[in-house]
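One structure is given here, and the rest of the page talks about it.
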Amino acid sequence: MLYNQRAEVILQQLQLQAVVKISDLTELLHVSVDTVRRDLRTMESQGMVKCVRGGACLPDTLAAFSNFKGREIIHSDLKREAAKKAVRYVKDGTLIALNAGTTNTILAQELALRNEHFTVVTNNLAAAQILMQNPLIELISIGGMVDMMEKSTYGTVCEQEFQNYYPDLAFLSINAVNYQDGFTDFRYHEEGVIQILARNSQQTIAVMDSSKLGKRSKKNVLTFNEVDRLLMDDGVSDRLKEEYGQKGLKIE
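According to my numbering, the sequence shown is numbered sequentially starting from 6.
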């Protein structure tokens, strides 16, 4: 396993827990203690982690909401696979809603390549920067309080503005999903946006990479009944698709 692959695994673990231990990482990565320490020092120099005694955590300024830059790196190829499936639903004249999140930022890259005329309404500032490069796309950027770490807007103003729109498609970037809890996320102030879009849209489509399947994050945001389908990369087995389908969630 190369350094970039190990760093991806370490960042993924930090999304699930506050601190990772060197001893646990040596077992998980099947490498020596020295290799893990060297990787953590390199990641610290790149601003991705903060080294602590016996392990590492996220940098202090990012710990509350995880590391947006780090999450962009994690499974970016799988996120793009899911995003490519999402753009197949886009037609000329469609009103699309995107919430905050790294998967939707990658989806914005795919949308920016399209030749159709459509409208995107979003609180995702990173996605908005990408979408504005395509003059065929009518872009509506939702205001509110700015979360510079998550590159998004949030709060009462943001949610009130979203209430005024009834999108044809809502593509939702969410942190985790499992049988027992439905869809969960660690971004507490994104919950209202997610629920408004799910309620107001004709089709609610979650777009997530397969590493998030079977996982639990901090807070429940949606049930299976509130989502029309879940788009993922091809790393989901037919058995899992059938099992989730029996629970009421269609995975494509």
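Where a beta carbon is used, it is the ideal one built from N, C-alpha and C, also for glycine.
For residue i, which of the options has the nearest alpha-carbon?
i	options	result
L174	I27, F188 and I101	I101
I147	V95, E115 and L202	L202
G240	S216, V57 and L227	S216
N169	N120, V198, E257 and P64	V198
K96	L130, N120 and H80	N120
Y94	K220, T209, G219 and R244	T209
T47	I15, L33, D29 and E32	I15
E13	E257, E247, S81 and N183	S81
D39	Y8, L136, D233 and Q165	Y8
M137	T31, M153, M6 and L118	L118
M154	N205, Y184 and L63	L63
E257	Q185, M237, R204 and E32	M237
E248	V41, T107, T31 and N183	N183
What is the residue span of the alpha helix (DSSP H) that residue i lies within?
i	result
N205	E196 to N205
A181	Taken as a continuous stretch (DSSP letters only), A181 belongs to no alpha helix (DSSP H), being part of the beta strand (DSSP E) at A181 to N183.
V92	S81 to V92
L218	That residue, L218, is in no alpha helix (DSSP H); it is neither H nor E in DSSP.
Under three-state DSSP, which class holds residue i?
i	result
A68	Unreliable positioning characterises A68 in this predicted model, as indicated by a pLDDT of 46, which lies under 50. A coordinate reading is not provided.
G253	coil
F229	helix
R234	strand
K26	strand
D190	strand
V38	helix
V2	The structure shown does not extend to residue 2, since the chain is modelled only from 6 to 257, so the question has no answer here.
K224	strand
S242	coil
L7	coil
F44	The amino acid occupying residue 44 in the given sequence is Asp; Phe does not appear at that position. It is helical.
Assuming the contact rule is C-beta atoms closer than 8 Å, residue i and residue j should be a hit. Round their C-beta distance to whole Å, please.
i	j	result
L19	D214	Rounded, the Cβ-Cβ distance is 16 Å, inconsistent with contact.
V125	L144	6 Å
E115	K156	Incorrect: roughly 18 Å between the Cβ atoms, too far for contact.
L45	A61	5 Å
S178	N104	6 Å
G160	H194	7 Å
T110	N128	Contact doesn't hold; Cβ gap of about 12 Å is too wide.
G59	I27	6 Å
A131	V212	Incorrect: roughly 15 Å between the Cβ atoms, too far for contact.
K255	L235	7 Å
F191	S222	5 Å
F188	V226	5 Å
L112	F167	In fact, because the Cβ distance is near 18 Å, the residues do not count as touching under 8 Å.
Determine the extent of the beta strand (DSSP E) in which residue i is found, giving its start and end residues.
i	result
Q208	Q208 to V212
V57	K55 to V57
L174	L174 to L177
G60	G60 to C62
- Secondary structure, beta strand (DSSP E): runs of 3+ residues fully inside the segment 99-171: 100-103, 123-127, 142-146, 150-152 and 157-159
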